[in-house]
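According to the working numbering, the residues represented by the sequence shown are 7 to 406, in order. Just below is one structure, and these are the notes that go with it.
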Amino acid sequence: MDLLPVPPASIPTPYRTEDRTAIRDLARDFAMREVLPVANELDPVQGEIPLELRRAMGEMGFFGILIPEEYGGLGLGLFEYCLVTEELARAWMSCASIIARGNGLGGGFSQDQRRRLLPLMAKGELLGAFALSEPDAGSDVASIRCRAELQGDEYVINGQKMWCTFADQANFIVLVARTTPYDPANRYSGIRNFFIPKEPGSFPAGISGNPVRKIGYHGWKTWELSFDDFRLPAENLLGRQAEGDDRAGFRNVTRGLSVARVHTAARSIGLARAGLEDAVAYAQQRRQFDRPISDFQAIRFKIASMAAEIEACRALMYQVAADADAGVAVDAQASMVKYLASEMSERVTSEALQIHGGAGYTTDFAVERHWRDARLTKIFEGTSEIQLRIISDRLLPRPG
Ligand SMILES: Cc1cc2nc3c(=O)[nH]c(=O)nc-3n(C[C@H](O)[C@H](O)[C@H](O)COP(=O)(O)OP(=O)(O)OC[C@H]3O[C@@H](n4cnc5c(N)ncnc54)[C@H](O)[C@@H]3O)c2cc1C
7 MDLLPVPPAS IPTPYRTEDR TAIRDLARDF AMREVLPVAN ELDPVQGEIP LELRRAMGEM
67 GFFGILIPEE YGGLGLGLFE YCLVTEELAR AWMSCASIIA RGNGLGGGFS QDQRRRLLPL
127 MAKGELLGAF ALSEPDAGSD VASIRCRAEL QGDEYVINGQ KMWCTFADQA NFIVLVARTT
187 PYDPANRYSG IRNFFIPKEP GSFPAGISGN PVRKIGYHGW KTWELSFDDF RLPAENLLGR
247 QAEGDDRAGF RNVTRGLSVA RVHTAARSIG LARAGLEDAV AYAQQRRQFD RPISDFQAIR
307 FKIASMAAEI EACRALMYQV AADADAGVAV DAQASMVKYL ASEMSERVTS EALQIHGGAG
367 YTTDFAVERH WRDARLTKIF EGTSEIQLRI ISDRLLPRPG
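And the structure:
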């Protein structure tokens, strides 16, 4: 008997176009052929995403999905970005994440920077890292303390950054720092974004770092960075903030987070689908009590409920992405889909591991990677608790 395909055979009617179906199918084929075997080999030894794989992703156009065609990108929307992201995350979340280092970091660029840098980013030849979080500023991003003081025509930067993924291999770092001291009465002002060019494989003088010992999200390193009198030409202050809009730097950060949250929902859904597909295959192959474990209703119902949860989150993701592409403000909806999809992803990958029994608790099967990586989706790009805070602030007066 032929089994039904686990993911929906087609994109739902209101959103379906031939181009979208073709992009999704291309990404699916690429992920399963080029990414999955590399992930299965390198993740258990904490290896890094190979340069050849990054180049192949660049040739597919994955780093420039959101970059306008006039700058060498595909000029597509959040919808297509999510389609590709889900497929890459089904194979290796780190590859679904690294595409944001081209697609997602041009927000504050000036016209000149867009013209010079975006074509290289679209090809994956110039990729960035994002340094926002600090040891004492995680969920409360407006409390960052890293200082950038203007001295003549240079900024002198001092402070600590935490969790800066890809900082070592990136061609540039977008740094979020303060040009005025932290003022609890005016916490959003004085936050600025800076463009720090660098060579892959090293840090410029004045910046040093140590990799964080993570339990997953392998394929690239995540860094704790120290800025000690790091000097940066003043022209590297990003974008319109130079014109004196005091809150533009903070707005730039939060605007980027909304896209990042829908992108994270797509990563969560891809991981959950990986868990489901692996569980469906394993349940039919593993025999106990003289029959495949897929005959037991306990296992069948787990699989049914996993599939239903994925389908529901994907439907919401399609809707939020389509709304965002139509110009609707989706901040709260982005938080909702990020929250629901990441919580779902951890539940579903954990159930997938359970269906594997003891085998699931080994590194011989990829399901443990899906579970470890799904765990992270509830933490980064704003924790689940912070998403609930954003949503509830839309529904209730803010507490004093
Ligand atoms: C692997 C990894 C990669 C990352 N990559 C990057 C990166 O590239 N660049 C970058 O800038 N950052 C990055 N981050 C940082 C990430 O965004 C933060 O870890 C996240 O925002 C949470 O901040 P925190 O870890 O300081 O937790 P905290 O803010 O200290 O939170 C601790 C707990 O308190 C809860 N909490 C906090 N405030 C509230 C509140 N008001 N109401 C209810 N609960 C609350 C949180 O939900 C959480 O459960 C990365 C993190 C990880 C783990």
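C-beta: ideal position from N, C-alpha, C; glycine also.
Coarse secondary structure for residue i, derived from DSSP in three states
i	result
G134	strand
Y21	helix
W98	coil
I392	helix
I179	strand
K167	strand
M7	For M7, the pLDDT reaches just 45, beneath the cut-off of 50, and the residue's location in the model is therefore unreliable, although a value from the coordinates is still provided. In this structure, M7 counts as coil in the three-state DSSP scheme.
T383	helix
S232	strand
G79	coil
Span separating the alpha-carbon of residue i from that of residue j
i	j	result
F371	A285	11 Å
S16	R22	8 Å
M7	K308	Model confidence at M7 stands at a pLDDT of 45, short of 50, so the residue's coordinates are unreliable and nothing is read from them.
Y188	A143	12 Å
Y194	R184	10 Å
D174	I316	35 Å
E349	A310	17 Å
E47	D35	18 Å
V268	M323	7 Å
G364	F69	38 Å
T270	E76	27 Å
A266	E387	7 Å
Distance cut-off 6 Å: residue i Cβ against heavy atoms of ligand 1
i	result
W169	yes
L138	yes
Y345	no
E391	yes
R395	yes
F233	no
G144	yes
Y223	yes
F302	no
T228	yes
F386	yes
Cut-off 7 Å between Cβ atoms - residues of its own chain near residue i, not counting five sequence neighbours on either side
i	result
I29	E86, L89 and V90
I361	A285, Y288, A289, I305 and K308
R96	A37, G276, R279 and A280
Cβ-based neighbour list, residue i, same chain, cut-off 6 Å, excluding 5 preceding and 5 following
i	result
H376	L277, A280, G281 and T355
P50	T369
D252	S195
Below-7 Å beta-carbon distance, residue i vs any chain B residue
i	result
G70	Protein chain content of the structure displayed is limited to a single chain, and chain B is not contained in it.
Contacts around residue i, its chain only, beta-carbon distance under 8 Å, and the 5 residues preceding and following it disregarded
i	result
R198	A154, V182, A183, R184, T185, L243, L244, Q247 and G255
Does the count of Cβ pairs from the region 144-156 and the region 96-110 closer than 8 Å reach three?
-> no
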